Amino acid sequence: MKKTILFATLLICFFASAQTKLQFTESNQLFLNKLELNNTTTFESIVSELGEPVLKKESRNGVKLYIYSDLGIALKIFNGKLTMIGANFNWDGDKNFPEKSFTGEFLIGSTKITNETTKNFFETVSFISFDNLMMEMYAATTNEKIIMLAFNSNGFVTQVGFEFKQEE
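This note's numbering runs 1301 ahead of the 1-based position in the sequence shown.
What follows is the structure, encoded as structure tokens:
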């Protein structure tokens, strides 16, 4: 019985991670699998796509940080709506991200992001330009999203995050 439960748990984790895809398209749309993510995306719709995350912390202003440790994904939710989604690739100690690396497929345009992605990535993405904010942090802005990439001292990507401007 214990072996069956363990096997079923591993199978579910494998299926979820194999099926997880984050993609930012050239038309500035962000998708989690087939679910479009924007400032109106509800927490419930993400849970129906990925399952129940772990609540890591809640700030005084009501922003909730959720973690999918097994998938390497972090979410921030305010008033039931998505304000940030990010993926960890090479954990740098940031407590707002899970320690485990993202286990699915992550694309910006047609460029795949992995734990071996370096700043050469910027040469492969021509439809959006990133500014160096400070040291190893870069950002690009679209109509409703801010895309952030951080790199470690070895030059490899640590996290990629998308923040959403909230409706007034």
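C-beta atoms are modelled at their ideal positions from N, C-alpha and C, and glycine is treated no differently.
It should be emphasised that the depicted structure is a prediction, and the values quoted were computed from it without experimental measurement.
Within 8 Å, strictly: CB atoms of residue i and residue j
i       : j       : result
Glu1406 : Lys1322 : yes
Leu1338 : Phe1332 : yes
Glu1464 : Thr1384 : yes
Lys1377 : Lys1358 : no
Phe1423 : Gly1410 : no
Ile1347 : Val1355 : no
Gln1467 : Asn1340 : yes
Terminal residues of the beta strand (DSSP E) in which residue i lies
i       : result
Ile1409 : 1406-1409
Val1348 : No beta strand (DSSP E) holds Val1348; the alpha helix (DSSP H) holding it covers 1344-1351.
Leu1333 : 1331-1333
Lys1466 : Segment: none, Lys1466 is in no beta strand (DSSP E) and carries neither H nor E.
Ile1447 : 1446-1452
Lys1365 : 1365-1369
Met1385 : 1382-1389
Leu1372 : From DSSP, Leu1372 is part of no beta strand (DSSP E); its letter is neither H nor E.
Met1438 : 1438-1442
Asn1416 : Premise fails: Asn1416 is in no beta strand (DSSP E) and is neither H nor E.
8 Å contact criterion, which residue i and residue j should meet: CB distance rounded
i       : j       : result
Thr1418 : Phe1457 : 7 Å
Ser1402 : Asn1389 : 6 Å
Asn1451 : Thr1459 : Reading the sequence as shown, one finds Ala at residue 1451 and not Asn. Ala1451 to Thr1459, Cβ: 5 Å. Contact.
Asp1342 : Gly1373 : Residue identity check: residue 1342 is Thr in the sequence provided, not Asp. About 19 Å; that fails the 8 Å criterion.
Asn1391 : Asn1416 : 5 Å
Limits of the alpha helix (DSSP H) - the one that residue i falls within
i       : result
Thr1425 : 1422-1425
Buried/exposed call for residue i, threshold 16 Cβ in 10 Å
i       : result
Gly1462 : buried
Gly1387 : buried
Ile1313 : Here the model assigns Ile1313 a pLDDT of 47, short of 50, so the residue's position is not dependable and the matter cannot be decided.
Leu1434 : exposed
Lys1396 : exposed
Asp1432 : exposed
Asn1455 : exposed
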